[in-house]
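Numbering (the UniProt record's numbering), first residue to last: 1 to 421.
For reference, the structure discussed in these notes is given below.
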Amino acid sequence: MSSVPERSEIDEEYTWDLESVYATDDEWQKAYEDVAERVEELQAYEGQVTDDAETLHSVLELRDSVMRDVSTVAAYARMRRDEDTTNQEYQALTARAQSLAADAQSAASFIDPELQELTREEFDGLVETEPALELYDHYVDDVLRMKPHTRSAEVEELLAELGEVTGATGEVYNMLSNADMAFPSVEEPEGEGKGEAVEITQSNFTNLLKRPDREFRQQVYEEYFDEWESMRNTVASAYKNSVKADVKTARARNYDTAREAALDGPNVPVEVYDTLVESVHDNLDKLHHHAELKRQALDVDELQMWDLYMPLTGDEGPDVEYDQAAEYVVDALEPLGEAYQSRVAEGLESRWVDVYENEGKQSGAYSSGTYDTQPFILMNYQDDISSMYTLAHELGHSMHSQLTKDEQPFVYSGSVSYTHL
């Protein structure tokens, strides 16, 4: 039977180097306790933020220091959990980190309302007294822009505390889909492994839908979604409550819609979002044409959902093992220059990537890391071209983050929009 390996069976060279963040969990615990103490220090500044330039600079520096370390504490815990979402020890670590992050947000919630008591001219005057405040020039512009949607310090504190609760539906879905759901096995219909049982997983599902045998693809599709269908009430309830949380939070901040609230944070006009959606709808004929070409190429009367992943060529395409894919990606980056190319190569050698699927591992792929760590990429590599493209995609996110950190202080280090290289 073709089964998913346990985490312990994966060679270390194909796992990410989280020991570069904290050598041991005990070291993580010390960092956690240190941040928790500084969260309390931050609360002592409430009511004093705009007393004078020196105090303002001190509170903003402390806030940045706390949030910077909280992000690393939380990222380590989350990535450890994502290695095996059934591991209760790291589930608990992640829950503690999330609570700490919520505490930090709550402790800092008074800062923006107090800053909004200043005018732009008054802040400029403080900069003249304390030139180091110039670093926060754009940040203050953003805070003042958000004044119509910022509540009192007391309400902001409550909203920050509720963040951990309103985000719980995502955690429910994550644990359900990665830790609790069990998909069946199907028999290989052809080839050397004919008759062998193949376990369906979140990570190999789309690959199995590229097999030439249409009956096999239909079986995989139906078996996979039968399991999801059995969880329909849980998923629907989680989604319903997630939508309700977004709507209630938007109303609490004086937005007309949750969409407006989501776009206002990164300062994206609603019109830009609407134009994007309209453009997609205006060009659906191209997608429909592609679907018709696929129907013809597959020689079927009606295209079904289990046909959509099948390549137009009618075969699965060549195998591309991970090491070969890494070489191809690095070579392809030559037009971006030697510095960029060598940095990616060094990153791959430094174990940025957690490569293969294992039991309980978070499905999909993402790029993570914080201001003080190297990038980390979660993959569920499947030895195919699609996985190679995903590797290149996530490396693009990681390099974007790295190059941003090279040029920006922590307060501006977050990506407002994503780039893909």
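Even for Gly, the Cβ is constructed at its ideal location relative to N, Cα and C.
Residues that DSSP places opposite residue i in a beta bridge
i, result
"Asp-384", "Asp-319"
"Ser-367", "Ile-377"
"Ala-197", "Glu-187"
Length of the line joining the Cα atoms of residue i and residue j
i, j, result
"Thr-150", "Gln-48", "18 Å"
"Glu-13", "Leu-348", "10 Å"
"Gly-361", "Asp-84", "Note on identity: in this sequence residue 361 is Lys, with Gly being the wrong assignment. So the alpha carbons of these two residues sit roughly 4 Å apart."
"Pro-409", "Gly-369", "16 Å"
"Val-320", "Asp-285", "33 Å"
"Arg-251", "Met-146", "14 Å"
"Arg-81", "Leu-391", "21 Å"
"Thr-50", "Leu-62", "15 Å"
"Ala-92", "Val-268", "36 Å"
"Leu-421", "Gly-125", "Caution applies to Leu-421, whose pLDDT of 42 falls short of 50 and renders its modelled position unreliable; the model cannot decide the point."
"Met-399", "Glu-302", "43 Å"
"Ala-160", "Gln-324", "46 Å"
"Asp-17", "Glu-215", "42 Å"
"Ala-101", "Met-79", "15 Å"
"Val-4", "Glu-359", "6 Å"
"Ala-74", "Ala-97", "5 Å"
"residue 422", "Trp-306", "Because residue 422 is not part of the residues shown, which for the chain are 1 to 421, the question remains open."
"Asp-11", "Gln-382", "16 Å"
"Met-175", "Glu-46", "37 Å"
"Glu-154", "Asp-372", "32 Å"
"Arg-253", "Gly-265", "12 Å"
"Arg-259", "His-397", "25 Å"
"Ala-326", "Gln-296", "35 Å"
"Met-119", "Glu-40", "Note on identity: in this sequence residue 119 is Thr, with Met being the wrong assignment. Each residue's alpha carbon lies about 28 Å from the other."
"residue 423", "Val-21", "Absent from the model: residue 423. The displayed extent of the chain is 1 to 421, so no value can be given."
"Tyr-90", "Gly-364", "19 Å"
"Thr-257", "Glu-278", "19 Å"
"Val-127", "Ala-53", "7 Å"
"Ser-386", "Thr-15", "20 Å"
Which of helix, strand or coil DSSP assigns to residue i
i, result
"residue 428", "As displayed, the chain neither begins before 1 nor continues past 421, which places residue 428 out of reach and without an answer."
"Ala-238", "helix"
"Leu-209", "coil"
"Pro-5", "coil"
"Ala-182", "coil"
"Arg-253", "coil"
"Glu-359", "coil"
"Asn-204", "coil"
"Val-330", "helix"
"Met-79", "helix"
"Pro-409", "coil"
"Met-67", "helix"
"Glu-46", "coil"
"Val-155", "helix"
"Gly-337", "coil"
"Thr-404", "helix"
"Gly-265", "coil"
"Met-399", "helix"
"Tyr-224", "helix"
"Trp-28", "helix"
"Ala-23", "coil"
"Tyr-14", "helix"
"Leu-312", "coil"
"Ser-347", "Contrary to the premise, residue 347 reads as Gly rather than Ser in this sequence. Gly-347 falls in the helix class under three-state DSSP."
Nearest residue (CA-CA) to residue i, options the options
i, options, result
"Glu-223", "Leu-308, Tyr-412, Ile-200", "Ile-200"
"Thr-86", "Ala-179, Arg-38, Ser-342", "Ala-179"
"Gln-374", "Gln-382, Trp-352, Pro-335, Val-127", "Trp-352"
"Gln-402", "Tyr-389, Glu-346, Glu-359, Ser-363", "Glu-346"
"Tyr-173", "Arg-211, Arg-232, Arg-38", "Arg-232"
"Asp-384", "Arg-38, Tyr-356, Ala-258", "Tyr-356"
"Glu-227", "Pro-184, Asp-124, Val-247", "Pro-184"
"Asn-204", "Gln-88, Tyr-309, Arg-7", "Tyr-309"
"Val-330", "His-393, Glu-128, Leu-287", "His-393"
"Glu-190", "Thr-169, Asp-141, Arg-217", "Arg-217"
"Ser-230", "Asp-282, Gly-170, Ser-177", "Ser-177"
"Ala-36", "Glu-6, Ile-10, Met-67, Asp-26", "Met-67"
"Leu-42", "Leu-60, Tyr-32, Glu-54, Gln-29", "Leu-60"
"Val-411", "Glu-130, Leu-333, Asp-69", "Asp-69"
"Glu-114", "Arg-295, Glu-156, Ala-95, Pro-131", "Glu-156"
"Thr-169", "Glu-19, Asn-241, Glu-27", "Asn-241"
"Ser-413", "Arg-120, Ala-262, Tyr-136", "Tyr-136"
"Glu-316", "Gln-88, Ala-104, Arg-211, Glu-278", "Arg-211"
"Val-165", "Tyr-255, Gln-304, Glu-27, Thr-249", "Thr-249"
"Leu-312", "Tyr-322, Tyr-239, Ala-332, His-290", "His-290"
"Gln-116", "Tyr-139, Ala-132, Thr-94, Gln-105", "Tyr-139"
"Asp-213", "Glu-89, Asp-299, Arg-38, Tyr-366", "Asp-299"
> Could you give the uninterrupted runs of the alpha helix (DSSP H) lying entirely in the stretch 100-140, keeping only those of 4 residues or more?
Replying inline: Runs found: 111-115, 120-129.
> In chain order, which continuous runs of the alpha helix (DSSP H) of length 4 or greater are located wholly inside the stretch 271-307?
Replying inline: With a minimum length of 4 residues, the continuous alpha helix (DSSP H) runs that stay inside the stretch 271-307 are 284-298.
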